[in-house]
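Participant:
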Amino acid sequence: MTIPARYNGPPASANGGFACGLAARHAAAALGPRVAVTLHSPPPLDITLELRTDGRRAHLWAGEELVASAARTSGPIEAVPPVPLAVARTARDSFAGLRFHPFPTCFVCGPDRADGYGLDLRPGPVPGRPHTVACDWTPPGWLAADGEVAPELAWAVLDCPGGWTDDPARQTMVLGRMVADIDALPRVGHRYVVVGRLAAREGRTSTNLTALYDERGTLLARASAIWVALG
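If you count by our numbering, then the sequence shown holds residues 110 to 340, one letter each, in order.
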């Protein structure tokens with residue numbers, strides 16, 4: 110498998126959520142549908158990756174460099190409560206990434222995509238809900254030829270909003286570990302709400318929760334992630 114360059118997070122490596130989702134999808138045959146994925150190094154772009162399994166774990170390699178590992182996991186993921194679509198639309202106008210963004214060309218949340226192929230998520234603060242962000246999102250037609258967004262793209266959508274529950278201007282952070290439950294995949298042209306909440310902060314790591322809802326407030330997917338400070 111390869112991760113095309115358009116799916117970058119930082120300029121020279123893949124969006125973490127996309128990489129985790131891709132690893133989870135390919136590991137499912139050996140490990141089952143519920144896995145936690147840990148990133149060990151920046152996922153490279155346009156380079157052949159190999160998934161190797163040993164029965165209990167799956168490891169994603171780029172040559173001799175370990176990129177990610179996946180392992181079975183259990184236990185519920187708390188769903189961040191939804192916000193109305195109108196609130197999510199308003200929150201996007203206050204997206205902190207419009208003032209400062211550590212990776213402004215990120216496929217998911219970068220405001221400076223020159224190629225037009227970005228998801229344009231802009232999770233902004235939700236009034237009255239500390240450390241909570243939300244935005245609306247309508248998957249563009251080019252994202253899925255058959256109308257249904259791929260699972261790894263759903264993981265990507267659940268990834269970046271979690272990072273914006275903390276303060277990237279204070280300390281640049283990247284995804285370290287992620288687990289997601291996807292009950293239904295989003296479809297192009299439909300309207301959705303993405304919500305994220307900071308769950309804990311300890312030293313160089315923060316834990317966040319994210320959820321994807323349709324415009325009626327039905328839960329489609331949820332995730333828990335650990336982000337790690339750079340430097």
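All C-beta atoms in this analysis are idealised placements derived from N, C-alpha and C, irrespective of residue type, glycine included.
Note that this is a predicted model, so its numbers are computed, not measured.
1) Below 8 Å CB to CB, which residues in the same chain sit around residue 115 once its five sequence neighbours on both sides are set aside?
2) Is residue 169 closer than 7 Å to residue 158 when the C-beta atoms are compared?
3) When DSSP builds the beta bridges, which residues end up paired with residue 330?
4) Does the separation of the CB atoms of residue 301 and residue 321 fall below 7 Å?
5) Closest by CA to residue 296, which one among 211, 262, 197 and 178?
6) How should residue 231 be labelled, buried or exposed, when 16 other C-beta atoms within 10 angstroms of its C-beta is the threshold for buried?
7) Taking only three categories from DSSP, how would you classify residue 234?
8) Please list, in chain order, all residues of the same chain as residue 292 whose beta carbon is under 8 Å from its beta carbon, the five residues on each side excluded.
9) Span of the beta strand (DSSP E) holding residue 269?
10) Hey, could you find the ends of the alpha helix (DSSP H) residue 241 is sitting in?
11) How is the alpha helix (DSSP H) around residue 126 delimited, first residue to last?
12) Please say whether residue 273 and residue 289 have beta carbons closer to each other than 7 Å?
13) What does the alpha-carbon distance come out to for the pair residue 210 and residue 221?
14) Go ahead and pull the three-state DSSP assignment for residue 316.
15) Using 8 Å as the threshold, is the segment 110-130 in touch with the segment 250-258, meaning 3 or more CB pairs across them?
16) Return the chain-ordered ranges of every beta strand (DSSP E) run that is complete within the segment 152-205 and spans a minimum of 3 residues.
17) Can you look up residue 256 in the DSSP assignment and give me helix, strand or coil?
18) So, is residue 156 buried or exposed, given that buried needs 16 or more other C-beta atoms within 10 angstroms?
19) Pick from 277, 131, 271 and 280: whose alpha carbon is nearest that of residue 308?
20) Using CA atoms only, rank isn't needed, just tell me which of 284, 303 and 299 is closest to residue 315.
21) Taking C-beta to C-beta, are residue 339 and residue 281 nearer than 7 Å?
22) So residue 140 and residue 179 are in contact, right, with Cβ under 8 Å, and what is the actual spacing, rounded?
23) Have a look at residue 175 and residue 195 and give me their C-alpha separation to the nearest angstrom.
24) Please check the pair residue 182 and residue 144, which I expect to be a contact at CB under 8 Å, by giving their CB distance rounded to whole angstroms.
25) Please go through the same chain and pick out, in chain order, the residues whose beta-carbon is closer than 6 Å to the beta-carbon of residue 146, but skip the five residues on each side of it.
Facilitator: Short version:
1) Numbered from 1 along the sequence shown, position 6 holds the residue referred to as residue 115. Hits under 8 Å: 216, 224 and 226.
2) Against the sequence shown, residue 158 aligns to sequence position 49. Against the sequence shown, residue 169 aligns to sequence position 60. Yes. Within cutoff.
3) The residue labelled residue 330 in the question sits at position 221 within the sequence shown. For residue 330, which the question treats as bridged, DSSP gives the partners 291 and 321.
4) For the purposes of this step, residue 301 is taken as the residue at position 192 of the sequence shown. For the purposes of this step, residue 321 is taken as the residue at position 212 of the sequence shown. Cβ distance < 7 Å, so residue 301 and residue 321 count as in contact.
5) Working through the sequence shown from its first residue, we reach residue 296 at position 187. Nearest option by C-alpha distance: 262.
6) Numbered from 1 along the sequence shown, position 122 holds the residue referred to as residue 231. It counts as buried.
7) As a working mapping, residue 234 is identified with position 125 in the sequence shown. Strand, per DSSP.
8) The residue given as residue 292 occupies position 183 in the sequence shown. 328, 329 and 330.
9) Taking the first residue of the sequence shown as position 1, residue 269 is located at position 160. No beta strand (DSSP E) holds residue 269; the alpha helix (DSSP H) holding it covers 260-272.
10) The residue given as residue 241 occupies position 132 in the sequence shown. It is not in any alpha helix (DSSP H) - residue 241 instead sits in the beta strand (DSSP E) that spans 241-246.
11) In the sequence shown, the residue the question calls residue 126 occupies position 17. Taken as a continuous stretch (DSSP letters only), the alpha helix (DSSP H) holding residue 126 covers 125-140.
12) In the sequence shown, counting from the first residue as 1, residue 289 sits at position 180. In the sequence shown, counting from the first residue as 1, residue 273 sits at position 164. Not a contact, by the Cβ cut-off of 7 Å.
13) In the sequence shown, the residue the question calls residue 210 occupies position 101. In the sequence shown, the residue the question calls residue 221 occupies position 112. If you take the alpha carbons of residue 210 and residue 221, they lie about 10 Å apart.
14) What you label residue 316 is simply residue 207 of the sequence shown in a count that begins at 1. The answer is strand: DSSP assigns residue 316 an E or B state.
15) no
16) 159-162, 166-171 and 174-181
17) Translated into the one-based positions of the sequence shown, residue 256 becomes position 147. Of the three classes helix, strand and coil, the one that applies to residue 256 here is coil, per DSSP.
18) Position 47 of the sequence shown, counted from the first residue, corresponds to residue 156. The residue in question, residue 156, is exposed, as its Cβ has fewer than 16 Cβ neighbours within 10 Å.
19) What you label residue 308 is simply residue 199 of the sequence shown in a count that begins at 1. Nearest C-alpha to residue 308: 271.
20) Against the sequence shown, residue 315 aligns to sequence position 206. Among 284, 303 and 299, the Cα nearest to that of residue 315 is on 284.
21) The sequence position of residue 339 within the sequence shown is 230, counting from 1. The sequence position of residue 281 within the sequence shown is 172, counting from 1. It is a contact, given that the beta carbons lie within the stated cut-off.
22) Within the sequence shown, numbered from 1, the residue matching residue 140 stands at position 31. Within the sequence shown, numbered from 1, the residue matching residue 179 stands at position 70. That pair is a contact at about 6 Å.
23) Here residue 175 refers to the residue found at position 66 when the sequence shown is read from its first residue. Here residue 195 refers to the residue found at position 86 when the sequence shown is read from its first residue. Roughly 43 Å separates the two Cα atoms.
24) As a working note, residue 182 is residue 73 in the sequence shown. As a working note, residue 144 is residue 35 in the sequence shown. Indeed they touch by this definition, with Cβ atoms about 6 Å apart.
25) Counting from one through the sequence shown, the residue named residue 146 turns up at place 37. So the list reads 129, 132, 133, 177, 179 and 287, once near-sequence residues are dropped.
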